[in-house]
Amino acid sequence: MKRFTRMTILAALCVPLLITATSAIPPPSVRALAGTPLPGERWDPGSMRLPFGPQVCEIAADSVHSYDALHLEIEIQPDIPADLFDAVVTMSVVSNEDPLSQLSFHLAGCTIDSILADGEAVAYSAAGELVTITFDNPPPLGDTVDVTVVYSGLLRGNNYFGGMIYSSTNDVLYTFGEPYTTRYWLACYDLPFDKVTSRVTVIMDSEYRVLSNGVRTEEVEIAPGVTRTVWDNPDPISTYLISLAAHPYAVIDGGTGGENDIPVSFWAYRPDSAQAAYEFGRTAEMIDVFEGLFGPYPFNKYDQAMAPIFNGWGAMEHQTATTYGYRLVEYGGRTFESIVAHELGHQWWGDMVGPLTFAHIWLNEGFASYADALWAEHLSSSAFHGRMSSFRDSYMYEDNNELRYPIYDPPPNFLFGSAIYDKGAWVLHMLRYLMGDDDFFAGLQLYGQTYAYGSATIDEFQGAMELASGLDLDSFFDEWIYQAGYPIYHFSNLVPRLQGDGTYTASLELYQSQTNAPIFTIPLPLKFFTSGRDTLVRVEVAPERTQTLNITGLEFSPTWMSYDPEQWILALADVTEVAEGGEGVPRSFVLSSPWPNPFNAETSLEISLPRRGEWSVDVFDLLGRRVARLADGVQAPGVHRVLWRPDAGTSSGVYWIRVIAPGGEATRRVVLLK
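According to the numbering used here, the sequence shown is numbered sequentially starting from 6.
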């Protein structure tokens, strides 16, 4: 899922800021009972979970509650003028108890007419969002029973809450249910791990074209002006991914993608059909690219339908049938093509393999965000680094200004926070750095194949990546997933020494200054320079705040070093007190353009200094008044990154950042939008 704020649009998408959503906290027993390692336990590659695949995963998860939901037969009849819908839903379930005396499911904000079990009326009670039926003849362990619920509900007008929504402005009926609002239109067991197959039947005015999950098996007029549309979904699906969208759509053939010629179509507002064909036009190519990285596309088709979801500025990865904000299409210029890639990436990560609970939502959103970046990488290296830079800036703003929290089990109001999406993408990028491309993508495919059409946990993803790479990833996952924050590195005192064998060693002081965060031990990519020569070295880091890094086997005496030149690590860093001269030291004063610009939360510049000396970095308004001093004092030679985070009292407008430093003076224009 992807959502945007007004600022994101005004800033021409320099930094995506996510609106947070609330969620309930899943029962703590779920993780322990699902066959996953508990804290302190090591992953056992010979355990049953990884080799035996999704059936084992489903059995372990489904044993958490008293029955296993198998199939949902859903019939919906919307009454748009009355803002109501009628529903008949049959849940086919198998008993996990002997006998199953009661059965509970979710349904909220609806009026129940009757409930039947295998065609016989049963007593029921409702408390909050949970409905409980009591069987007259309780089914024994392993028996299947069909529970039919006849009810009616409201067509909601809120494009953010969820449920079944009708927008009179756009004449669109659609559903949205992540994390826990499917129950406002669909009677079901509304937790993500209990996947079902489904059939959705919609009976409504013939002017509407109806889209849902899977394959359309019927579209027939059953009375004058009334059409019945049936969509069969044979693949297991989490309830929050079951959807429908109805509108007088223009349905555009988007070609086919992947080895199996997956049909692609775009369901567009008629006035926007040409624009939609362009905005979505590279979807089939994206499937080709992602199949090469993730494995075969896992379903039988892929559709994208325009709707006013999140007031038209968001999207939701409904399985095989993404709902896509209409404003993202109308904006034009493929400005939001990254969202097309994000939602397509979810078809593997979130839909094919879902999270056991939403404590593991990184397995959805971090993965889809990195898929978006991988599409950018397919287009160009600069596009890829631009996406990763925007992820970094968005995450660091949230972390520094809103809340610092770990990726695993985020606070309810940050279930869709930037740490999950943007830091989450960086965590995968750093795993790729540690494992190398071959093992990283092999690990992703192993994870996908193992848990396809089932549910998984972060522990199980870690196990798959360890099996693919042979690495012990405990420290990495502990520091980056189960703890919060990011490293702030300070490098100083580079001292080279000639050895008896003619090679050189170099010692370098490292200090990590972050607080309320662990000491990070990811190996660091450092590049050492001398005149006309350089070498890139991966340096191990101990779990100590202050330490001396010792680099051996250098073929020259380094006079300068740079940190992470290929941008693999999510961190801030500066380099001071090293020898001057040599190719690694900037030869002249250079001031970069600010990024992002325009901006809202923060913008940054890189300043290259050829020698040590006094410097100052100041911000001025259009009247020449200084509004902030960003840096002053004595600074060492090197490339330095300076941030401006305006305080709450700084108004929107044009500002100038002036740098006076050894070797020159320069000014850059920035635009602050609030």
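Glycine included, every Cβ here is placed at the ideal spot set by N, Cα and C.
### Message
Using only the alpha-carbon positions, how far apart do V235 and E223 sit?
### Response
For V235 and E223, the distance between alpha carbons rounds to 5 Å.
### Query
When burial is assigned at 16 or more other CB atoms within 10 Å of the CB, is L593 buried or exposed?
For clarity, residue 593 is Ser in the given sequence; the question names Leu instead. So S593 ends up on the exposed side.
### Task
May I have a chain-ordered list of the alpha helix (DSSP H) segments no shorter than 4 residues that lie completely inside the stretch 530-613?
Within the stretch 530-613, no complete alpha helix (DSSP H) run reaches 4 residues.
### Query
What is the DSSP secondary structure of Y660, reduced to helix, strand or coil?
Note: Y660 maps to strand in three-state DSSP.
### Task
Please list, in chain order, all residues of the same chain as G658 whose beta carbon is under 8 Å from its beta carbon, the five residues on each side excluded.
Annotation for G658: D626, L627, V676 and L677 place their beta carbon closer than 8 Å to its own, counting only its chain and skipping 5 residues before and after.
### Query
Counting pairs of Cβ atoms below 8 Å between the stretch 102-118 and the stretch 145-152, do you hit three or more?
Per the Cβ contact rule, the stretch 102-118 is in contact with the stretch 145-152 (3 or more Cβ pairs under 8 Å).
### Task
Mind checking who A250 pairs with in its DSSP beta bridge?
The secondary-structure analysis by DSSP pairs A250 across a beta bridge with Y179 and L216.
### Query
With 16 other CB atoms within 10 Å as the buried threshold, where does V152 fall?
With 16 or more Cβ atoms within 10 Å of its Cβ, V152 is classed as buried.
#### Entry: Beta-carbon proximity list for F561, same chain, < 6 Å, skipping 5 on both sides
So the qualifying residues of the chain are T535 and R538.
### Whole alpha helix (DSSP H) elements within the stretch 92-153, 4-residue minimum
Within the stretch 92-153, no complete alpha helix (DSSP H) run reaches 4 residues.
### Query
If we count the other Cβ atoms within 10 Å of its Cβ and call it buried at 16 or more, is T672 buried or exposed?
T672 comes out exposed.
### Task
Answer yes if the stretch 264-280 comes into contact with the stretch 240-248, meaning at least three C-beta pairs across the two stretches below 8 Å, and no otherwise.
By the Cβ criterion, the stretch 240-248 is not in contact with the stretch 264-280, since fewer than three pairs of Cβ atoms, one from each stretch, lie closer than 8 Å.
### Message
Distance check for Y329 and N605, CA to CA, integer angstroms please.
### Response
Approximately 25 Å, taken between the alpha carbons.
### Message
Using a Cβ-Cβ cutoff of less than 7 Å, which residues in the same chain neighbour L258 once the five nearest sequence positions on both sides are dropped?
### Response
Note on identity: in this sequence residue 258 is Asp, with Leu being the wrong assignment. Cβ within range, chain order: S270.
### Query
CB V632 to CB S613, shorter than 8 Å?
Cβ atoms of V632 and S613: not closer than 8 Å.
### Closest by C-alpha distance to H252, when choosing among A364, S567, E322 and I170
For the set A364, S567, E322 and I170, the Cα lying nearest the Cα of H252 is the one of I170.
#### Entry: DSSP three-state assignment for W681, whether helix, strand or coil
The displayed coordinates of the chain run from 6 to 679. Any statement about residue 681 would go beyond what the structure contains.
### Query
Any idea what DSSP makes of L6, helix, strand or coil?
Checking the sequence, you will find Met at residue 6 rather than Leu. Annotated three-state conformation of M6 is coil, per DSSP.
### Task
Note down, one range per segment and in chain order, each alpha helix (DSSP H) of at least 4 residues found wholly within the stretch 303-331.
Runs found: none.
### Query
If we ignore side chains and look at the alpha-carbon of each, how far apart do P303 and M470 end up?
Rounded to the nearest whole angstrom, the C-alpha separation of P303 and M470 is 20 Å.
### Task
Could you check what DSSP says for W431 in three-state terms: helix, strand or coil?
Note: W431 maps to helix in three-state DSSP.
### Task
Use the C-beta contact count for Q352: other C-beta atoms within 10 angstroms, 16 or more gives buried, fewer gives exposed.
By the Cβ neighbour-count rule, Q352 is buried, with 16 or more other Cβ atoms within 10 Å of its own.
### Message
If I follow the unbroken beta strand (DSSP E) through Y426, where does it start and stop?
### Response
Run containing Y426: none; DSSP gives neither H nor E here.
### Task
Determine the direct distance from the alpha carbon of T340 to that of K679, and round the result to whole angstroms.
Using only the alpha carbons, I get a separation of about 21 Å.
### Whole-number beta carbon distance between T244 and T186, since they are thought to touch under 8 Å
Your pair T186 and T244 does not check out as a contact, with CB atoms roughly 10 Å apart and the cut at 8 Å.
### Message
Our contact map puts P501 next to P411 with C-beta atoms below 8 Å; I'd like the distance itself, whole angstroms only.
### Response
Not a contact, Cβ separation roughly 39 Å.
### R617 (DSSP reduced to helix, strand or coil)
R617: coil per DSSP, three-state reduction.
### Query
So is P184 buried or exposed if we call it buried at 16+ other beta carbons inside 10 Å?
Taking a 10 Å sphere around the C-beta of P184, we find 16 or more other C-beta atoms and assign the residue as buried.
### Message
Give me, in chain order, the residues of the same chain whose beta-carbon lies closer than 7 Å to that of R437; leave out the 5 immediate sequence neighbours on both sides.
### Response
So the list reads F445, once near-sequence residues are dropped.
### Task
Can you tell me which of L135, D195, A122 and T139 puts its alpha carbon nearest to the alpha carbon of Y129?
Comparing Cα positions, the closest option is T139.
### Query
So, is G371 buried or exposed, given that buried needs 16 or more other C-beta atoms within 10 angstroms?
It is buried - the Cβ of G371 has at least 16 other Cβ atoms within 10 Å.
### Message
Taking the straight line between their C-alpha atoms, what separation do you get for A289 and V205?
### Response
Our two residues, A289 and V205, have alpha carbons roughly 26 Å apart in a direct line.
### W649 versus D118: straight-line alpha-carbon distance, rounded
About 60 Å.
### Query
If you check the beta carbons only, do D210 and G230 fall under 8 Å apart?
G230 is positioned such that its CB atom lies closer than 8 Å to that of D210.
#### Entry: Where F90 falls, given that 16 or more other Cβ within 10 Å makes a residue buried
Its Cβ being crowded by 16 or more others within 10 Å, F90 is buried.
### C-alpha distance - L160 paired with S71, whole-angstrom precision
Each residue's alpha carbon lies about 31 Å from the other.
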